[in-house]
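Below is one structure, written out as structure tokens; comments come after it.
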Amino acid sequence: MCGIVGYTGAKKAAPILIEGLTGLEYRGYDSSGVAVLENGQIKMVKAKGRLKNLVELTDNGERLPGTVGIGHTRWATHGEPSDVNSHPHISKSGRFAVVHNGIIENYLELRDFLIARGYEFVSQTDTEVIAHLIEYYYNGDPVETLRKVMNKLEGSYALGVLSCYAPDTFYAARKDSPLVVGLGEHENFIASDMPAVLKYTRRFLLIDDGEIVAVSPTAASVFNRNREPVEKQPFTVEWDVSAAEKNGYPHFMLKEIYEQPKAVEATLSPRIKNGDIVLDTIAWTEEQMRTFDKINVVACGSAYHAGMIGKYFIEKLCRIPVEIDVASEFRYRAPIVDNRTLTVVISQSGETADTLAGLREAKKLGSRVLSIVNVVGSSIARESDDVLYTWAGPEIAVATTKGYTSQVAALMLLGLKLARVRGTVTQAQFTELLGELQALPDQIRAVLDRNVEQIQYLSSVYFASNDAFFIGRGMDYALALEGALKLKEISYIHAESYAAGELKHGTISLIEKGSLVIAVAVDKRLQDKMRSNIKEVKTRGATVIALAPVGNNLASEVDHVVTLPDCGEDTYPVVAVTALQLLGYYIASARGCDIDKPRNLAKSVTVE
Ligand code: BG6
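17 is the number of the first residue of the sequence shown in our numbering; add one for each residue after it.
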């Protein structure tokens, strides 16, 4: 997804902007650019491709003068990746430059409006209309001008605006796309996400929808949609810069796989006190917890897969229906939601537009919304009734790992708490399951200690595969979905997941000699059924790698068995997924893929 940075202070702006954009690369992009202001003149450099092109063009920003500027990494939505479609975009007279993250849904109408008034367009982007609109409405007051422009815009945006009339100030505004203001010492910043400027400050203002900011070296003045000043309390980030560094790992993804024991522990342990679960940040009464008669889970990608595990776990324990939707579908199925529905919104970034839209729909329908989010102060967290934070720390790799396992751990904690309050588990069951949750970090460590070598070997044998089929039953099917997504998003191998029992109803026609099948067979209660499904594909020539628990007797039925350490019958997905993450990682590594920044993908898709 696009990244925005802005700087004003005493230092040369361009090097800081480029450095900030480097901190946002993980969001996914295909071009980049910066604009700075010097002696009332806007100077801009932008280029298709990786940031290194911008670095070369500007000698890492040193060639660009000026102490105020804005920068951008673009993830193309309107107009192919190209120099001219890169941001910033300049207004007709060259007096304004704009960077934008989001989608202007009525840009064609605005384009016609402006063309009819003599404006010409050089790009195919929606963003360029904003630059010309600012010029069209400019009346000497940039904040008032932005207010008028925002009233014309439909869609989502986080904006950075440079004006030749303001020697040391730039402007910003947001609706639906993330934006923070970084507060430095006699210098201030904007960014799409905090890691971009964490080197300079830990203090931030969280900008809300409809707000406009005037950023000078000494002040960040926030205004609401009616141009009234808004007082904001600075928010201080606790995690340190090194958390956003690789610390010797070849990729952030591998580092974050190895951080999972700590991430799961940090998510669980503050909430387990004296043998009970205390959901610290949730203001429900126990009475309210008993009134919910249904749970809806809304999420995207891996967060959706985490929600699937949660569905199985919570339905089994709490005996209430748990419906689950991919967020982009939820709104369009006329969901049956009311004030007895608990909507659980899951999002690592807390900024995914589809998920945020699902949250708003659920609230509109009267549901109480609990979000499970990894980024404190993110849009989804701020718009939820309650937040159950995952404490995984910053996750930089696009393909989530510790974010996913922390989400599953949080869902299990939630499910066990609800079951306890609703009286659907005995004290003995509660104590046993709580113990299983507390054992998770060590069980993940055991996978990282014992299974890596074999998985590396298997990756070296099968990395050239063109297709992979992941099959499983029950929670193993939800795991298979996540395993397939991990593999395809970073290795670009066509990988799909099927309910193992469903394979024979069609897809098995694709199985031929040498087809790679990953049989996720960790649930001991379903192992016999899985054995039959393994036989079905083996007799058609498939090569089968099974993921199975200790004591399995699958060795004679498959080509390889990855045997997991002992884990809980109901909590094992948090452990088993580690093996699937490692498989995806090492296969992608063997294929020389850009693991942390896979093509076409973004860490958080802040457009619908
Ligand atoms: C996708 C990411 O864009 O968004 C996935 O590539 C992620 O890894 C999905 O699971 C949802 O993101 P989030 O931040 O809402 O959990």
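By construction, the Cβ of each residue, glycine as well, lies at the ideal position given by its N, Cα and C atoms.
Is the beta carbon of methionine 60 closer than 7 Å to that of proline 104? yes
Hey, which unbroken runs of the beta strand (DSSP E) at 3 residues or more fall wholly within the region 322 to 388? 338 to 342 and 357 to 363
Going by CA-CA distance only, name the one from Cys609, Leu450, Gly56 and Glu624 that's closest to aspartate 586. Leu450
Asparagine 626 in three-state terms, based on DSSP: With the chain covering 17 to 624 only, the question about residue 626 has no answer from this structure.
Enclosing beta strand (DSSP E) for valine 314 [first to last residue]: 310 to 315
To the nearest angstrom, how far is it from the Cα of alanine 378 to the Cα of lysine 310? 13 Å
Look at the Cβ atom of aspartate 142, then the Cβ atom of histidine 94, and state whether they are nearer than 7 Å. yes
Which whole-angstrom value describes the C-beta separation of threonine 297 and aspartate 224, a residue pair presumed to lie in contact below a C-beta threshold of 8 Å? Actually they do not touch by this definition, with Cβ atoms about 20 Å apart.
For valine 538 and alanine 592, which I take to be in contact (beta-carbon distance under 8 Å), what is that distance rounded to the nearest angstrom? 5 Å
Quick check: does the Cβ of serine 318 come within less than 6 Å of any heavy atom belonging to ligand 1? yes
Cβ of leucine 175 within 7 Å of Cβ of histidine 116? yes
Just verifying my parser: in three-state terms, what is the DSSP assignment at proline 245? strand
Return the CA-CA distance between isoleucine 32 and alanine 455, expressed in angstroms with no decimal places. 44 Å
By DSSP, does leucine 580 sit in helix, in strand, or in coil? coil
So the beta strand (DSSP E) leucine 214 belongs to, where does it begin and stop? No beta strand (DSSP E) contains leucine 214, which DSSP labels as neither H nor E.
Indicate the three-state DSSP secondary structure (helix, strand or coil) for leucine 175 in the structure shown. strand
Mind checking whether the beta-carbon of serine 387 lies closer than 6 Å to any heavy atom of ligand 1? no
Are there any heavy atoms of ligand 1 lying less than 6 Å away from the beta-carbon of threonine 421, as far as the coordinates show? no
Using DSSP with H/G/I as helix, E/B as strand and the rest coil, what is arginine 615? coil
I believe glutamine 543 touches threonine 417 by the beta-carbon criterion, under 8 Å. Please report the beta-carbon distance rounded to the nearest angstrom. Actually they do not touch by this definition, with Cβ atoms about 26 Å apart.
Beta-carbon contacts of arginine 615 that lie in its chain and below 8 Å, excluding the five residues immediately before and after: Tyr508
Only counting the same chain, and skipping five residues up and downstream in sequence, which positions put a Cβ closer than 6 Å to that of arginine 461? Pro277
Would threonine 234 be called buried (16 or more neighbouring beta carbons within 10 Å of its own) or exposed? exposed
Across the region 193 to 211 and the region 18 to 33, are there enough close Cβ pairs to call them in contact, namely three or more that are closer than 8 Å? yes
8 Å contact criterion, which leucine 434 and cysteine 334 should meet: CB distance rounded: 5 Å
What is the C-beta distance between aspartate 192 and alanine 369, in whole angstroms, given that I count them as a contact (C-beta under 8 Å)? 6 Å
Measuring straight from C-alpha to C-alpha, what distance separates lysine 27 and leucine 80? 12 Å
Is it the case that the CB of leucine 617 approaches a heavy atom of ligand 1 more closely than 6 Å? yes
Determine the direct distance from the alpha carbon of alanine 188 to that of glutamate 247, and round the result to whole angstroms. 16 Å
Assuming valine 560 and aspartate 582 make a contact with CB atoms under 8 Å, what is their CB distance in whole Å? Not quite, the Cβ-Cβ distance comes to about 23 Å (not below 8 Å), so this is no contact.
Closest by CA to glutamate 552, which one among His510, Val391 and Ile487? Ile487
Whose C-beta lies closer than 6 Å to the C-beta of tyrosine 123 among residues of the same chain, with five residues either side of it excluded? Asp142 and Val145
Residues bridged to alanine 92 by DSSP? For alanine 92, which the question treats as bridged, DSSP gives no partner whatsoever.
So, are the CB atoms of valine 253 and arginine 287 less than 7 Å apart? no
DSSP state of histidine 103, grouped into three classes? coil
Leaving out five residues before and five after lysine 619 in sequence, what residues of the same chain have Cβ atoms less than 6 Å from its Cβ? Tyr42, Arg43 and Val414
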